[in-house]
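>
Structure follows, in structure tokens:
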């Protein structure tokens, strides 16, 4: 009888240790996964933003050059001080411009800027959510480390509290998106 009771106690203690240990492993892996999610989003921001910015810059420059050329042509056409060669050039340029305007009736740089702004907002919101999820996982893990009886298992198997996500002071500012004048 005593052997059976001791055996049941050993089984209960062993089962509790195994269940708690496996819970630590799951929560530890969840924290690692949430940390990896943040890294993925930071990498996406690092890869995506420069390309978006360059696209917007390029298209803005194209539109700016188109408008400058149009203004220059209009002013020389209005002055009527041009040669036959220049008149042909103006006619060809106006022809190209008219085809462009027929295909693209409005300039699109503002849409590119709005798209860039939307992408920036989306990435920053995703990062914010990922950081919140990481910190939730950390608090769940840390509660396991500090709570009785799981704190005993934590000490036996060297599970230690995790740090919450914190930004370095130099990274707290938003990314500066700069466009040349």
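In our numbering, the protein residues as written are 141 to 321. All C-beta atoms, glycine included, are put in the ideal place defined by N, C-alpha and C. Predicted model, so just to flag it, every value in this text is computed and none were measured.
Of the choices 156, 272, 263, 303, whose alpha-carbon is the least far from that of residue 189?
263
> Are residue 118 and residue 164 touching if we call contact CB-CB under 8 Å?
As displayed, the chain neither begins before 141 nor continues past 321, which places residue 118 out of reach and without an answer.
> Secondary structure at residue 289, three-state DSSP: helix, strand or coil?
coil
> Applying the criterion that 16 or more other CB atoms from any shown protein chain within 10 Å of the CB defines a buried residue, is residue 202 buried or exposed?
Exposed is the call here.
> Can you tell me whether residue 194 is helix, strand or coil according to DSSP?
helix
> Could you name the residues of the same chain whose beta carbon sits closer than 6 Å to that of residue 160, not counting the 5 residues immediately before and after it, in chain order?
290, 293
> Buried or exposed: residue 166, going by 16 or more other Cβ atoms within 10 Å of its Cβ?
exposed
> Should residue 174 go down as buried or exposed, given a rule of 16 or more other Cβ atoms within 10 Å for buried?
Residue 174 comes out buried.
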